[in-house]
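According to the numbering used here, the sequence shown is numbered sequentially starting from 166.
Each residue gets a CB set at the ideal place from its N, CA and C atoms; glycine is no exception.
If you're wondering where the values come from, they're calculated on a predicted model, not measured in any experiment.
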Amino acid sequence: MPYPVAHVLFFLFCVGAVAIYALAGPFFRRELSFKDARKLLLLVFVGSLSTLLPDIMAVYNIFVNGNLDHCSIGSIMTHSLLFGFSAVLFGTFAGYAAYRESSKAASMAIFAGSAFLTHLLLDDIAEGGCAYLYPLYNGRISLFSIMDTGFAEAGGLLNYLAVSIVSVFCVFIVIMMALFALNKFGFEFGYGAEK
Ligand SMILES: [Zn+2]
Numbered sequence: 166m167p168y169p170v171a172h173v174l175f176f177l178f179c180v181g182a183v184a185i186y187a188l189a190g191p192f193f194r195r196e197l198s199f200k201d202a203r204k205l206l207l208l209v210f211v212g213s214l215s216t217l218l219p220d221i222m223a224v225y226n227i228f229v230n231g232n233l234d235h236c237s238i239g240s241i242m243t244h245s246l247l248f249g250f251s252a253v254l255f256g257t258f259a260g261y262a263a264y265r266e267s268s269k270a271a272s273m274a275i276f277a278g279s280a281f282l283t284h285l286l287l288d289d290i291a292e293g294g295c296a297y298l299y300p301l302y303n304g305r306i307s308l309f310s311i312m313d314t315g316f317a318e319a320g321g322l323l324n325y326l327a328v329s330i331v332s333v334f335c336v337f338i339v340i341m342m343a344l345f346a347l348n349k350f351g352f353e354f355g356y357g358a359e360k
């Protein structure tokens, strides 16, 4: 289990690298207002808490049971897409509480969902898989071991290309979710013709 700080830094600085880049200019030109700062802090708060949600039971177990078990609440596996709905609900609630607009609440839900998924990706890299598909399949699946499949095991070049694309596409989707949501909170990522 990577330490909590690693999960938060991974989400903020790797997945959110484009946002940090977009903020650098206005920050150094001192163009950020108090309102901007409040909005950014909310995004950092929701993103950080959502990315830590899968390990939430570690906090309980370390105080109550004296161990670091953190992969389930009762029989519910927390490192799963199903448990990701807790982050989506949290994002919806936080977004609506802050903006009183359902579209902003939906965007915050997507942002929280993306933060949650980055936790699974990082654990997948570190530990060799997560129970993504619980309760349909309780075993661990690793997106990154699929990526490392050879021609022979994959059953031919086309299958090999397919599994490689699926692995990368999962990471791509998580990053795009974060960028799509940030786009609704004042980050405008756009292409302009070179001058
Ligand atoms: Zn974890």
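The alpha helix (DSSP H) spanning residue i covers which residue range?
i	result
G239	Element bounds for G239: n/a, residue is neither H nor E.
H284	S267 to E292
C335	L322 to N348
V224	I221 to V229
L308	L308 to M312
V170	P169 to L174
F210	F199 to L217
A358	Looking at the DSSP string, A358 is not in any alpha helix (DSSP H), and its letter there is neither H nor E.
A189	A182 to F193
A252	G249 to Y264
With a CB to CB cut of under 8 Å and the five nearest residues on each side skipped, what residues in its chain are close to residue i?
i	result
S119	Only positions 166 to 360 of the chain appear in this structure, which leaves residue 119 out of reach.
L287	P167, A171, H172 and F175
Are residue i and residue j touching if we call contact CB-CB under 7 Å?
i	j	result
A280	G212	yes
A296	S240	no
L282	V339	yes
L218	S272	no
L301	D289	no
S363	M312	In the structure as shown, the chain begins at 166 and stops at 360. Residue 363 is therefore absent and cannot be evaluated.
K269	G256	no
I275	A346	yes
F352	A202	no
Spatial neighbours of residue i within its chain, please: C-beta separation below 6 Å, excluding the five flanking residues on both sides.
i	result
L207	A263
I306	G294 and Y297
Got a sec? Which residues, its chain only, sit under 7 Å from residue i by beta carbon, not counting five neighbours each side?
i	result
G291	With the sequence shown as reference, residue 291 is identified as Ala, and Gly is not the correct amino acid for it. Within the same chain, A291 has close Cβ partners P167.
T364	The chain is shown only over 166 to 360; residue 364 falls outside these bounds and no answer can be derived.
G249	G278, F281 and L282
R194	none
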